[in-house]
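Asks:
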Amino acid sequence: MSTAKCFLKPAMARKNLDVRTYAQATRVLFDGARAVGVAYCHPAHPARVRAVRAKREVIVACGAINTPKLLQLSGLGPAELLHEHGIPVVCDLRGVGEHLSDHYSVRIVARPLAVQAAQHHGAQPVAAALLLEIAAGTDRA
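Structure below.
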């Protein structure tokens, strides 16, 4: 199952949903301090910026790295940093982009069918050790 099959496909018939494939958000558009839309471009035509406007709300869900990047490019973030890059400040928010880190490794761990299945994870020794512990019944979780 994928997110697209579970959530997007059933919603595709909605009149208030328009999916633009390959669109890359370049900044959130504001009317004063209110987010009203998103500017975006297609990777094949990065100079051709287009915009969509929201009737009620703008939801930013670009991941651990790209969400603060998009917010800062849109003028939300530490004012000093935004000024350094010539970005007009919409709101001075010091926390945007601070303590930035990604989820380096996220794994779903389940009981293997056999101990040998855990031994195939040689490239990830910590995961392999955890799988071996689970298989042996010494589950730390």
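Oh and the sequence shown: position 115 is 115 in the numbering used here, straight run, nothing missing.
Backbone N, C-alpha and C define an ideal beta-carbon position, used for all residues, glycine too.
Being a predicted model, the structure only gives us computed values, none of them experimental.
With a threshold of 7 Å between beta carbons, is Pro-78 in contact with chain C?
Replies: Considering every chain present, this structure includes no chain C. It has just one protein chain.
Asks: What is the DSSP secondary structure of Asp-139, counted as helix, strand or coil?
Replies: Any answer about Asp-139 is weak, because its pLDDT of 48 lies below 50 and its placement is not dependable; what the coordinates show is given next. The answer is coil: DSSP assigns Asp-139 none of H, G, I, E or B.
Asks: Where does the unbroken alpha helix (DSSP H) through His-42 begin, and where does it stop?
Replies: No alpha helix (DSSP H) holds His-42; the beta strand (DSSP E) holding it covers 34 to 42.
Asks: Can Val-49 be considered in contact with the ligand ZN, in the sense that its beta carbon sits closer than 6 Å to one or more heavy atoms?
Replies: As for the ligand ZN, it is missing from this structure, which has no ligand bound.
Asks: Give me the DSSP bridge partner(s) of Arg-27.
Replies: According to DSSP, which records beta bridges pairwise, Arg-27 is partnered with Ala-39.
Asks: Over what stretch of residues does the alpha helix (DSSP H) that includes His-83 continue unbroken?
Replies: 79 to 84
Asks: By how many angstroms is the C-alpha of Leu-71 removed from the C-alpha of Val-49?
Replies: 17 Å
Asks: Check the DSSP bridge columns for Leu-100 and list the partner residues they point to.
Replies: Leu-100 is not bridged to any residue.
Asks: Locate the alpha helix (DSSP H) running through Pro-68, then write down its first and last residues.
Replies: 63 to 73
Asks: Could you check whether Gly-75 and Val-89 sit closer than 7 Å to each other, using their CB atoms as the reference points?
Replies: Yes, Cβ-Cβ distance for Val-89 and Gly-75 is below 7 Å.
Asks: If you follow the beta strand (DSSP E) that Pro-46 is in, where does it begin and where does it stop?
Replies: Membership of Pro-46 in the beta strand (DSSP E) is indicated by the continuous run 45 to 53.
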